[in-house]
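One structure below.
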Amino acid sequence: MLGALARWSWPTAERLFRGRLLVWLAAYLAGTLLLGQAGLAITGNAINTLSATGLAGVVLAGAHTGPRLSDRLPRGNDWSYGLYLYHGPLMNVARA
């Protein structure tokens, strides 16, 4: 829902996200630490609204800070399906 809102108001919201990944990441990490001190830490899949909003900001800022990074890093290849296939076994190994 936050992504749809950002898309709808992108001419205005763009100033908040483009080129500001480190700002959003620092704010998200600081907010997470403060929420943890208040006893509202994220555990498992339970995420509070404030943390979800901050995480959405980090994702949007990351996508619009280095938009051409996906062209340079995998050199034009799409890794998404391979990551999708192998993340399950890797998570199970890490969990054990």
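Here the sequence shown is numbered in our numbering, starting from 3 and rising by one per residue. Beta carbons: idealized from backbone N, C-alpha and C, even for Gly. All of these numbers come straight from a predicted model, not from anything done at the bench.
Quickly, what does DSSP pair residue 45 with across the bridge? List them, please. 48
(request) Could you work out which residue in 83, 16, 55 and 20 is closest to residue 30 when comparing CA atoms only? (result) 55
For residue 23, which residues in the same chain have their Cβ closer than 6 Å to its Cβ, ignoring the five residues on either side in sequence?
63, 64 and 67
*Which two residues bound the contiguous alpha helix (DSSP H) that contains residue 33?*
Residues 23 to 39.
Requested in this report: Mark residue 26 as exposed unless 16 or more other C-beta atoms lie within 10 angstroms of its C-beta, in which case mark it buried.
Outcome: buried
Note to self: In the DSSP assignment, the alpha helix (DSSP H) including residue 82 goes from what residue to what residue?
What the structure shows: 82 to 97
(message) Helix, strand or coil for residue 64? Go by DSSP, reduced to three states.
(response) helix
| query | Just how far apart, CA to CA, sit residue 8 and residue 45? | reply | 27 Å
Q. First and last residue of the alpha helix (DSSP H) that includes residue 18?
A. 12 to 19
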